[in-house]
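Using my numbering, the first residue of the sequence shown is number 24, and each one after it goes up by one.
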Amino acid sequence: MMLRVFSLFKKTAIRSEKMKKILSITCVFFMVLGFAGLAGAVTIDFNELPVGTQVTDQYAAQGVTFSLLDVPSGSSLVGPVAVELGSTYLPASGIAVRPSVDNSIFYDIVMDFSTDISYFSMLSLDSDEPITVYGYLDGVEVASVYYAPGSDKQVWEMVLDGGRFDKVVLDLVAGPGRTGYAGGPEIFDNLEFTPTPEPGTVILLGLGLLGLVSQRKRFKK
(Lines of atoms letter the chains of each structure in order from A and count residues from 1; the text may use other names and numbers.)
(Lines give C-alpha, C1' and ligand atoms only; values in the text may rest on other atoms or scores of the structure.)
Protein backbone atom coordinates (compact mmCIF):
# COMPACT_ATOMS: atom_id res chain seq x y z
CA MET A 1 0.00 0.00 0.00
CA MET A 2 2.76 2.42 0.97
CA LEU A 3 4.66 1.56 -2.23
CA ARG A 4 1.58 2.26 -4.31
CA VAL A 5 1.05 5.64 -2.59
CA PHE A 6 4.73 6.51 -3.05
CA SER A 7 4.59 5.52 -6.74
CA LEU A 8 1.47 7.64 -7.26
CA PHE A 9 3.08 10.60 -5.50
CA LYS A 10 6.21 10.22 -7.63
CA LYS A 11 4.19 10.13 -10.87
CA THR A 12 2.24 13.22 -9.76
CA ALA A 13 5.48 15.05 -8.98
CA ILE A 14 6.96 14.14 -12.38
CA ARG A 15 3.81 15.32 -14.14
CA SER A 16 3.92 18.55 -12.16
CA GLU A 17 7.54 19.15 -13.18
CA LYS A 18 6.68 18.45 -16.80
CA MET A 19 3.79 20.91 -16.65
CA LYS A 20 6.08 23.54 -15.15
CA LYS A 21 8.58 23.05 -17.96
CA ILE A 22 5.86 23.20 -20.61
CA LEU A 23 4.41 26.37 -19.09
CA SER A 24 7.86 27.96 -18.86
CA ILE A 25 8.64 27.08 -22.48
CA THR A 26 5.27 28.49 -23.56
CA CYS A 27 5.91 31.74 -21.68
CA VAL A 28 9.38 32.08 -23.21
CA PHE A 29 7.87 31.38 -26.66
CA PHE A 30 5.37 34.23 -26.21
CA MET A 31 8.20 36.54 -25.12
CA VAL A 32 10.35 35.62 -28.11
CA LEU A 33 7.44 36.40 -30.45
CA GLY A 34 6.91 39.68 -28.64
CA PHE A 35 10.55 40.75 -28.78
CA ALA A 36 10.71 39.81 -32.46
CA GLY A 37 7.95 42.32 -33.11
CA LEU A 38 9.75 45.13 -31.30
CA ALA A 39 11.57 46.41 -34.38
CA GLY A 40 14.44 48.84 -33.92
CA ALA A 41 15.31 51.85 -36.04
CA VAL A 42 15.48 51.30 -39.80
CA THR A 43 18.13 53.10 -41.87
CA ILE A 44 18.08 53.29 -45.68
CA ASP A 45 21.06 54.85 -47.48
CA PHE A 46 20.06 54.07 -51.11
CA ASN A 47 23.67 53.15 -51.91
CA GLU A 48 22.84 49.82 -53.55
CA LEU A 49 20.57 51.33 -56.22
CA PRO A 50 21.90 51.43 -59.78
CA VAL A 51 22.19 54.95 -61.18
CA GLY A 52 18.91 56.12 -62.70
CA THR A 53 16.67 53.80 -60.66
CA GLN A 54 13.08 54.97 -60.27
CA VAL A 55 12.52 54.70 -56.52
CA THR A 56 9.10 53.25 -55.65
CA ASP A 57 8.69 50.00 -53.71
CA GLN A 58 12.31 48.79 -53.52
CA TYR A 59 12.22 49.21 -49.73
CA ALA A 60 8.77 47.76 -49.06
CA ALA A 61 10.35 44.90 -47.09
CA GLN A 62 11.92 47.48 -44.76
CA GLY A 63 8.52 49.11 -44.30
CA VAL A 64 8.36 52.10 -46.66
CA THR A 65 7.33 52.91 -50.26
CA PHE A 66 7.96 56.12 -52.21
CA SER A 67 5.87 58.16 -54.61
CA LEU A 68 5.37 61.73 -55.84
CA LEU A 69 2.23 63.88 -55.61
CA ASP A 70 0.59 65.23 -58.78
CA VAL A 71 3.33 63.93 -61.03
CA PRO A 72 3.20 64.70 -64.79
CA SER A 73 4.10 61.96 -67.22
CA GLY A 74 7.81 61.24 -67.12
CA SER A 75 8.64 62.71 -63.72
CA SER A 76 9.99 60.30 -61.15
CA LEU A 77 11.98 59.92 -57.97
CA VAL A 78 15.42 58.83 -59.17
CA GLY A 79 18.55 57.68 -57.38
CA PRO A 80 21.33 57.72 -56.68
CA VAL A 81 22.56 61.02 -58.12
CA ALA A 82 25.70 63.08 -57.58
CA VAL A 83 25.53 65.98 -55.13
CA GLU A 84 26.39 69.57 -56.07
CA LEU A 85 29.98 70.36 -57.03
CA GLY A 86 31.77 71.58 -53.91
CA SER A 87 29.30 69.98 -51.50
CA THR A 88 30.62 69.06 -48.07
CA TYR A 89 28.46 65.92 -48.03
CA LEU A 90 30.14 62.54 -48.33
CA PRO A 91 29.41 60.03 -49.72
CA ALA A 92 28.37 61.86 -52.87
CA SER A 93 25.07 60.07 -53.45
CA GLY A 94 21.43 60.43 -52.56
CA ILE A 95 18.01 60.37 -54.16
CA ALA A 96 16.62 63.28 -56.13
CA VAL A 97 13.32 64.44 -57.54
CA ARG A 98 14.05 64.40 -61.25
CA PRO A 99 11.46 66.30 -63.35
CA SER A 100 11.09 65.31 -66.98
CA VAL A 101 11.33 68.75 -68.60
CA ASP A 102 13.80 71.34 -67.32
CA ASN A 103 15.02 70.24 -63.87
CA SER A 104 13.31 73.23 -62.26
CA ILE A 105 9.83 72.05 -61.27
CA PHE A 106 9.80 69.68 -58.30
CA TYR A 107 7.07 67.63 -56.67
CA ASP A 108 6.27 66.56 -53.12
CA ILE A 109 7.89 63.29 -52.05
CA VAL A 110 5.51 60.88 -50.29
CA MET A 111 6.71 58.09 -48.01
CA ASP A 112 4.06 55.57 -46.94
CA PHE A 113 4.97 53.33 -44.00
CA SER A 114 3.56 49.82 -43.54
CA THR A 115 3.33 50.35 -39.76
CA ASP A 116 3.06 53.51 -37.67
CA ILE A 117 6.39 55.16 -36.89
CA SER A 118 7.38 57.31 -33.93
CA TYR A 119 10.49 58.93 -35.41
CA PHE A 120 11.51 60.16 -38.86
CA SER A 121 14.80 61.60 -40.04
CA MET A 122 16.22 62.36 -43.49
CA LEU A 123 19.10 64.48 -44.79
CA SER A 124 18.56 67.32 -47.24
CA LEU A 125 21.60 67.92 -49.39
CA ASP A 126 22.61 71.10 -51.21
CA SER A 127 19.16 72.69 -51.18
CA ASP A 128 18.80 76.46 -51.11
CA GLU A 129 14.98 76.26 -51.07
CA PRO A 130 12.55 75.90 -48.12
CA ILE A 131 11.13 72.46 -47.32
CA THR A 132 8.26 71.55 -45.00
CA VAL A 133 7.98 68.04 -43.56
CA TYR A 134 4.41 66.87 -42.88
CA GLY A 135 3.47 63.86 -40.77
CA TYR A 136 0.11 62.12 -41.30
CA LEU A 137 -1.80 59.46 -39.40
CA ASP A 138 -4.87 57.83 -40.98
CA GLY A 139 -5.04 60.61 -43.57
CA VAL A 140 -4.96 63.44 -41.01
CA GLU A 141 -2.04 65.87 -40.71
CA VAL A 142 -0.69 65.55 -37.16
CA ALA A 143 2.69 67.31 -37.38
CA SER A 144 4.72 69.64 -39.57
CA VAL A 145 8.16 71.22 -39.41
CA TYR A 146 9.29 74.08 -41.66
CA TYR A 147 12.92 74.32 -42.72
CA ALA A 148 14.00 77.70 -44.08
CA PRO A 149 16.24 77.84 -47.15
CA GLY A 150 19.95 77.44 -46.53
CA SER A 151 23.11 77.42 -48.59
CA ASP A 152 23.12 75.32 -51.75
CA LYS A 153 26.18 73.53 -50.29
CA GLN A 154 24.56 72.95 -46.89
CA VAL A 155 23.52 69.60 -45.41
CA TRP A 156 20.80 69.52 -42.79
CA GLU A 157 18.66 66.94 -41.04
CA MET A 158 14.87 66.95 -41.25
CA VAL A 159 13.17 65.36 -38.23
CA LEU A 160 9.69 64.44 -37.02
CA ASP A 161 9.58 63.11 -33.47
CA GLY A 162 7.23 62.70 -30.53
CA GLY A 163 4.14 61.33 -32.28
CA ARG A 164 2.78 58.57 -34.50
CA PHE A 165 2.85 58.76 -38.29
CA ASP A 166 2.01 56.39 -41.13
CA LYS A 167 2.89 58.82 -43.93
CA VAL A 168 5.50 61.57 -44.31
CA VAL A 169 5.43 64.16 -47.10
CA LEU A 170 8.39 66.35 -48.03
CA ASP A 171 6.82 69.53 -49.38
CA LEU A 172 9.26 71.09 -51.80
CA VAL A 173 8.77 74.86 -51.93
CA ALA A 174 5.12 75.42 -52.81
CA GLY A 175 2.90 73.36 -50.51
CA PRO A 176 1.40 69.85 -50.29
CA GLY A 177 0.39 68.57 -53.71
CA ARG A 178 1.64 71.61 -55.59
CA THR A 179 4.75 72.30 -57.65
CA GLY A 180 7.36 74.94 -57.08
CA TYR A 181 10.53 76.37 -58.54
CA ALA A 182 13.53 74.84 -56.80
CA GLY A 183 16.33 76.13 -59.01
CA GLY A 184 18.38 72.94 -58.85
CA PRO A 185 18.22 69.23 -57.98
CA GLU A 186 16.63 68.54 -54.63
CA ILE A 187 18.64 65.66 -53.14
CA PHE A 188 17.93 63.56 -50.06
CA ASP A 189 19.76 60.73 -48.34
CA ASN A 190 19.88 58.49 -45.25
CA LEU A 191 16.26 57.92 -44.36
CA GLU A 192 15.86 56.70 -40.78
CA PHE A 193 12.62 55.78 -39.01
CA THR A 194 11.48 53.87 -35.93
CA PRO A 195 8.40 51.61 -36.24
CA THR A 196 6.06 51.48 -33.25
CA PRO A 197 5.21 47.99 -31.92
CA GLU A 198 1.90 46.48 -33.03
CA PRO A 199 -0.71 45.95 -30.25
CA GLY A 200 -0.46 42.18 -30.75
CA THR A 201 3.27 42.35 -30.10
CA VAL A 202 2.75 44.09 -26.78
CA ILE A 203 0.07 41.55 -25.79
CA LEU A 204 2.37 38.59 -26.56
CA LEU A 205 5.21 40.13 -24.59
CA GLY A 206 2.88 40.88 -21.68
CA LEU A 207 1.51 37.32 -21.64
CA GLY A 208 5.01 35.91 -21.57
CA LEU A 209 6.11 38.16 -18.71
CA LEU A 210 2.97 37.48 -16.67
CA GLY A 211 3.39 33.75 -17.18
CA LEU A 212 7.01 33.76 -16.03
CA VAL A 213 6.17 35.84 -12.97
CA SER A 214 3.36 33.42 -12.10
CA GLN A 215 5.66 30.43 -12.53
CA ARG A 216 8.30 32.00 -10.30
CA LYS A 217 5.76 32.53 -7.53
CA ARG A 218 4.69 28.88 -7.75
CA PHE A 219 8.30 27.69 -7.53
CA LYS A 220 8.80 29.76 -4.35
CA LYS A 221 5.75 28.11 -2.78
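Where a beta carbon is used, it is the ideal one built from N, C-alpha and C, also for glycine.
Being a predicted model, the structure only gives us computed values, none of them experimental.
Margin query: Let me confirm a value: D212 is counted as buried when at least 16 other C-beta atoms fall within 10 Å, else exposed. Which label applies?
Written below: D212 is buried by the Cβ-count criterion.
Item checked: Cβ neighbour criterion (16 or more within 10 Å) applied to E180 -> Exposed is the call here.
Item checked: Residue from P218, E209, L148, D194 whose Cα sits closest to the Cα of D131 -> Among P218, E209, L148, D194, the Cα nearest to that of D131 belongs to D194.
Next item on the list: Specify, as a first and last residue, the run of the beta strand (DSSP E) that Y130 falls within.
Entry: That residue, Y130, is in no beta strand (DSSP E); it is neither H nor E in DSSP.
Margin query: I need the boundaries of the beta strand (DSSP E) containing V165, first residue and last residue.
Written below: For V165, the enclosing beta strand (DSSP E) covers residues 163–170.
Notebook entry, point to check: In chain order, what residues of the same chain lie with their CB nearer than 7 Å to the CB of G86, ignoring the 5 residues before and after it?
Noted result: Contacts found: V65, F136, S137, T138, P218.
Notebook entry, point to check: If you check the beta carbons only, do G186 and S141 fall under 9 Å apart?
Noted result: Yes, Cβ-Cβ distance for G186 and S141 is below 9 Å.
Next item on the list: Report the residue from P172, V192, S150, K176 whose alpha carbon sits nearest the alpha carbon of E164.
Entry: Of P172, V192, S150, K176, the smallest CA-CA separation from E164 is found for V192.
Next item on the list: Go ahead and pull the three-state DSSP assignment for Q81.
Entry: Three-state result, Q81: coil.
Check: From L183 to L146, what distance separates their C-alpha atoms?
Finding: Rounded to the nearest angstrom, the gap between the Cα atoms of L183 and L146 is 12 Å.
Note to self: Rounded to the nearest angstrom, what separates F52 and P220 at their Cα positions?
What the structure shows: Annotation note: pLDDT 44 at F52 (below 50); position unreliable, no value reported.
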